[in-house]
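These notes are about the structure you will find just below.
Numbering (my numbering), first residue to last: 103 to 359.
Given below as C-alpha cells:
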C-alpha cells in the first residue's frame, strides 16, 4: 500500500504566513481598542462630579421640642396685622436647638409680613444672663433674615448652651408680643470634619457640616449660596430638602432677605 505524501508548496506557505500576519494585526487592533475603551472610560469616570446632597443628621441625644421655638407666642400677632401664615419662626430642627463651631455664629429667622417696624434679638447664657441684644429694622414684605453675633462681642464658650430669641416690636404698645426662641451650643471641630472642610466647594462644606450634626454652619452656608446664586437649581433643591427634612417646609420657599 502506498502512503500518500503531501508536499507543502510555496503558495501554501505564503497563505499560512498571510493568515498569521492577519491574526497578529487583528489581535493588535483588538488590544488597542480595549486599551482605548479603558482609557475613555477611566477618563470619563475621573471627570464625573457627584453633586453633594446636604442632609442633617441630628446629634445623639437630641429630642423633639414640642414648643417649636415658642410657637404659642409666635402665633400671637401685632394688633394691626392679619393672622401670620406662616408665623414668626426660628430656623432650627425639631429639637429646637443646634450645634455650632463658630465663636460668633449667625442665626436665621423667618419674619412674617407685619406692621412691626423692628425686631428685637436677645442672646442669654446658661444662667439667663444677657450676653448680647440688638434691635433691627424689618422688611415689610416678610422673609428669612440673618442675625450675627458681632465679632467685637465676647465669643461663645466651648461646651456652653445659650438661649436666643426674637420678638416683634409692634407699633402699638402690647403686653403680649410675637416671640420665638431657640438654643445654640458651641462645640469643638474634630479632625475628621476639619479635613473635609479643606474642600473649597461650599456645597460640599454644607454637606459635611450636616453629616456631622452641625446645624448652624450647614444652614448658613446653604442660605448664603441660595442668596448669591438664586437661579442654581441644585442649590435650591438642597435648600428645600434640608428645611423639609426638619419640619420647616412651611417656610422653605420664603425669600432670603
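Here a beta-carbon is modelled for each residue, glycine too, at the ideal position from N, C-alpha and C.
- Secondary structure of residue 191 (DSSP, three-state): strand.
- Taking 8 Å as the cut-off, the Cβ atoms of residue 271 and residue 188 do not count as close.
- Under the three-state reduction of DSSP output, residue 348 falls in the coil class, being neither helix nor strand.
- With three or more CB-CB distances shorter than 8 Å, the stretch 246-262 counts as touching the stretch 189-208.
- Here residue 284 carries a strand assignment [DSSP, helix/strand/coil].
- Membership of residue 265 in the beta strand (DSSP E) is indicated by the continuous run 263-271.
- Within the same chain, and ignoring the five residues on either side of residue 331 in sequence, the residues whose Cβ sits closer than 7 Å to its Cβ are 337.
- In terms of Cβ geometry, residue 193 and residue 327 do not form a close pair [threshold 8 Å].
- Within the same chain, Cβ atoms closer than 8 Å to the Cβ of residue 182 are found at 217, 272, 273 and 274, the five residues on either side in sequence being excluded.
- Excluding sequence positions up to five before and after residue 235, its CB lies within less than 6 Å of the CB of 224, all in the same chain and listed in chain order.
- Nearest in C-alpha terms to residue 250, of all of 305, 318 and 277, is 318.
- Cβ neighbours of residue 352 within its own chain (closer than 6 Å, five residues either side excluded): 188.
- From the listed residues 315, 303, 279 and 357, the smallest Cα separation to residue 290 is found for 315.
- Rounded to the nearest angstrom, the gap between the Cα atoms of residue 195 and residue 312 is 12 Å.
- For residue 226, the closest of 277, 293, 244 and 264 by C-alpha to C-alpha distance is 264.
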